[in-house]
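One structure is given here, and the rest of the page talks about it.
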């Protein structure tokens, strides 16, 4: 049963509300003897952390992670490594300013999960969004930092490729650029435009959505499983489950509908390395739910945050019509910080399938096969 | 662990290859005392069945389902009902014509999962696609027919809304039209166009993709669970896991990225029925992973089938460059038959979450709440 | 969620009632390229099959198993092997004599699950016990036959060591004897006694219980997982879940309570093979939930069947006091046939943990370790 | 996948080592609106806590539990209640005296899991037993305290009924006595004897085992599920998974093997409350894996702790023969503190099945049934 856990072999369970004492997670099933300290995790959290530019919420969340279990000093190497037992991570909640929640404790913010939590559970922790807060995603990023260490050669990178209606120019894609602007944008020219554009959105108290692309290089072929353990199915769940995500696509994605069969099918030739080389990657690195060895490419759409200054019509929990507007510190484009989160989810899914494949199949078959004697 | 199972409380495990003796599934966790005979399932299978028009493969698969377990005559009603024990369903494979597989047994068809199965497992059942065959989806449809009976008032319907690059006109949407044309298309005018268009594709030995929309009415509010049991996350996995699907979106979907916060957030007013009425449905019926009570709306993109007449470059399992073209009976647009499959997956996911919600929360909280005395 | 499935990586789902069309199972997660035909499974089913001596029920259940999926001819070896996809097995129910169930359809047989099924589900398939019938255990045996092929060097054997109050003499234990008498008894002298004893029980229309011991040799060290994936925990669940089992113990078992710490702890010395040798096996091959490399030894107690000739007081489903006695073909000691079932469950649990260990840890650490430089 | 989680709907994941910063757990799937503060949990932890009499280890572990998430003030009642989101509990480790582990870091203590952890993972946290420490069981007790609040009318109580070879006299059973002696012993006379007996064991630096009985009153009929979600199967796993447990039995248990069918089957009569009354309880409240409504009765055997003063032969992790004796603070009979742990595991399993039954079946069928018209 999955309420607050994901993954099978590499299984992550998160807990915590935005304004409770702490948020945290338990990573179970991690292989032993992987070097791990807080320093391996913190840099990824720092990338996700708000308050680093004027384009994200000005809340100060230092997000200092602590490892509570599952690591020990390896006598052989003298390094701190995983032990194979559950790795618990916590981040104390420190910026819980004593705020007046009078306005939102009874009223439902349109576009937020206020009503759905109330109608499901009969109550909700309304402080800072409670469990529905994007704060929970810090633990995804932390778990993802561990996941990245499991699959040899795996490299998972993400980029913002659209903000509001404005797309990047893929011809200008430069991965190095992603680290140079506050938008994780691979197109320097577009990034400059986004700065102005988002300033306008922010000053208007409005918000915009975004599209994020995540690319995993170094995914071994053979990960995934028919029929309901497909790699693409699990990626779709992992990414759609990120707050505010409304769409996920793989490879050619929705554009695949408009392609002909001739255009869509990725042809193959033998590569110099003795492996098949695909001449295109409309499949996004996945065929039949199983990785091909090509880069795995996914995109997801993030809706604009629903926390805006303009008053919106709503109802309260006692059945009265009302109005609400959201003051305070909010991201004008939550999609920006979704980049490290999407990377983390991709890393977790791939690590999980890597362990599952090793479990079921063991050593990978040696491909190409020897031709049987006639 | 999910290899070939999906769902938690309502759990479906499928088995079988295209040209083995039979395909089948086990539905576990179904509530007892639900009236069920083969006649409740067969009509849905008949909708999915190929060979019903010139626009789908001419294979003849009668797809007669048999219930092997989990039903009994209820003494009280005299009707055959579920017993609460596993319901096994099988369909014998009858149209396994003794075909020459010489061409595909060693060569990988681009766009198919031939290479990935081989590199994962070291071998594959190449007859008719084996486990990767769309034939497996018949069992999804069968399981979906049971799922539809679990949630009172649930109505799940689907429609083809795009074929190749051609979209329907939503202003002409008529659900009644869906049953009148071979494309499950709600736009009669577009359906007529599709007939000509697809004839051309078919005669050229080519193939096109499609976009399908599934709408579930009558979904109670409160289904879904934070954070990794989200209704949208599970729907995304279920739909992305259908053969040939490359994208899934919910509500406004990818368009949400281009909306402003003001446009996107669905405002609320109290309805006459004492429930909140949403003034729009960009959320697609899901907020924070939990159903709102509005219709749940999802769309998914189906790539063109990779079985085409034009020769394509490929490699074989022994590491040689080669060429392949696919002769024989194939769907020029597999997206058409994805409509009943998508409906079934949606029904299964909603039934699962209905049971999960009943388990965790029991009777739903009475909303709106009584205002506490001050 | 487990209703009718067990195992994680090696996962078995069974279905079927005693008098429905068929019983069956789906084995998911089996590694590919393992040679498998019906001939690998049938001998184990034949051992479990009733009607082979006067000491088991005279029902004729040929129990011919058919493989419906998950196998294919391997081009390299020319043999039929597993493909890594789900293996579905079915056994048609053939001996469903049209019997008069008037007596048991409304009355609850004491000691049977008639009342509990009714009060849980609101109805039950009463024909031959329906889902609660021991017939379901045939599928455990079939799955176990596959499980045995997964762990190299694994040998799982079982024996009946007590019938009614009468225990065997362990000094006379001879594995070869197990195959020579109808009781799976390793003590020839006791077996002769059991023949007379059970004849008396049978003729009196009564029934007796039994204790079974299962020993697995060749279990690699390191299988099992703290804290809730312990090998002993999973074995306990697997064996307690066999029909009529009321107790499970491992190694010294309940006797361990009476031992001193000195007696109980198994001392160790280095063996000639470079592995540790334990000087005793009170642990039953498991410490901290993880296999030690010693034989894994479990015992379980089977209650007498509750189907007896003597009339017993009971109630019916309409709330009336009543009486019932069970005529017809029944085992005077169901414990006998529990031997192959217990073996199968042990094999399944060990195979599951073997794959899980390979998944999480990969190649086993090379023990003993090299001493780090000071 | 279960490595460090148990339960399905009511799912508990624990983490932490004896001498790490903290131990903790996440309870997922708990229903909302259940009153819960630390004061509901702490008393159960206090019962388990060592150092309360001379008969348990003198380590001082205050075991103060903190709730990190999943609770909030309910506006309607003004009380702190569960929210339906994950409840994280932590206990900081405070008595981690800087001890010299030189002796045990390389040597394997016979009867402990030192060797198995090493051979499985390639290293282990040897401080205080690390993950294998009984300290982890504090989190089971904490989770059990929550589980007790889920099933209305449930009362789970445990007692020590055997220490070493010495059994209590069941005729003197008095539940009130359990709280009056340091052994959780329901037989006052035996408790006095145990005090002397265990003093002798303790002074000799030895250890003894015990047998514990847990009784759950108020278990509704209908909990459990065929065939692999049986209530007894899950109880067996839960109890066998407690540290040092080597046997589990239900109802008549191993004695059932020696009973005749007539003796064993619990007869039924209609009770005055309109429910069936069983005239005995050899079944231990479970038939066919499903609760009967009678008390659920289980017993489990705890081996003597392997930490004893007498030097024992062993090997070290570098493959050398060696000797070891355990100094320091240890329980001469770990079985004593297993009483609250066993209660907790029973409560967790029953709560889980209560939610599962509510999920699958919903409102229980009204028994007895109305007789259908002829």
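Protein chains in written order, with our numbering: chain S, -13 to 360; chain V, -13 to 360; chain Z, -13 to 360; chain G, -13 to 360.
By construction, the Cβ of each residue, glycine as well, lies at the ideal position given by its N, Cα and C atoms.
None of these values were measured; they are calculated from a predicted model.
Fully enclosed alpha helix (DSSP H) runs of no fewer than 4 residues occupy 88 to 92, 100 to 107 of the segment 73 to 127 of chain S, in order along the chain. Beyond the five residues adjoining it in sequence on each side, residue 91 of chain S comes within less than 8 Å, by CB distance, of 112 in the same chain, given in chain order. Contact check between the segment 205 to 217 of chain G and the segment 276 to 283 of chain G: three or more CB pairs, one atom from each, fall below 8 Å, which counts as touching. Rounded to the nearest angstrom, the Cβ distance from residue 140 of chain S to residue 198 of chain S is 19 Å, too far for a contact under 8 Å. When C-alpha distances from residue 35 of chain G are compared across G:27, G:49, G:25, the shortest belongs to G:49. Where residue 355 of chain S is concerned, there is no enclosing alpha helix (DSSP H), because DSSP gives it neither an H nor an E. If you draw a straight line from the Cα of residue 306 of chain S to the Cα of residue 331 of chain S, it is about 39 Å long. Around residue 223 of chain V, the same chain offers no residue with a beta carbon nearer than 7 Å, after the five sequence neighbours per side are excluded. Within chain S, the residues placing a beta-carbon under 7 Å from that of residue 118 of chain V are 212, 274, ordered along the chain.
With distances taken between CA atoms, residue 261 of chain S lies nearest to V:101 out of V:358, V:-5, V:101. Bridge partners of residue 306 of chain G according to DSSP: none are assigned.
Neighbourhood of residue 12 of chain Z in chain V, by CB distance below 7 Å: -1, 1, 12, in chain order. Remark: C-beta atoms of residue 54 of chain S and residue 10 of chain G approach each other more closely than 8 Å. If you draw a 10 Å sphere on the C-beta of residue 257 of chain V, you find fewer than 16 other C-beta atoms in it, and that means exposed. The DSSP-derived three-state label of residue 6 of chain Z is coil. For residue 107 of chain S, the chain G residues whose Cβ falls inside 7 Å of its Cβ are 18, 69, 70, in order along the chain. In the structure shown, residue 320 of chain Z falls within a coil segment according to DSSP collapsed to helix, strand and coil. Taking a contact to require three or more Cβ pairs closer than 8 Å, the segment 103 to 122 of chain S and the segment 57 to 75 of chain G qualify as touching. Contact of residue 290 of chain V with chain S by beta-carbon distance below 7 Å involves 245, 246, 247, 250. As far as DSSP is concerned, residue -6 of chain Z takes part in no beta bridge. Contacts with chain V (Cβ-Cβ distance below 9 Å) from the segment 296 to 309 of chain G involve no residue at all. In this structure, the beta-carbon distance from residue 353 of chain G to residue 301 of chain Z does not fall below 8 Å. Put simply, the CB of residue 236 of chain S is near chain V, with a gap under 8 Å to one of its CB atoms. Going by DSSP, residue 203 of chain Z is part of the beta strand (DSSP E) stretching over 196 to 203. In this chain, the alpha helix (DSSP H) harbouring residue 179 of chain G covers 174 to 189.
Per DSSP, the beta bridge partners of residue 66 of chain V are V:59. For the 8 Å CB-CB criterion, residue 128 of chain S and residue 51 of chain S form a contact. Contact note: residue 345 of chain V reaches chain G through -5, 341, 342, 344, 345, using a C-beta cutoff of 7 Å and chain order. DSSP, reduced to helix, strand and coil, places residue 50 of chain V outside both helices and strands of the structure shown, so it counts as coil. In this chain, residue 280 of chain Z is not harboured by any beta strand (DSSP E), its DSSP state being neither H nor E. At a Cβ-Cβ threshold of 8 Å, residue 137 of chain V and residue 337 of chain V count as neighbours.
Beyond the five residues adjoining it in sequence on each side, residue 152 of chain G comes within less than 8 Å, by CB distance, of 176, 179, 180, 183 in the same chain, given in chain order. The three-state reading of DSSP puts residue 140 of chain V in coil, since its state is none of H, G, I, E or B.
Per DSSP, the continuous beta strand (DSSP E) segment holding residue 236 of chain Z begins and ends at 231 to 236. Contact check for residue 309 of chain S and residue 323 of chain S: beta-carbon distance about 28 Å, past the 8 Å limit, so the pair fails to qualify. Exclusion of the five residues before and after residue 289 of chain V leaves 195, 230, 232 as the residues of its chain whose Cβ lies within less than 6 Å of its Cβ.
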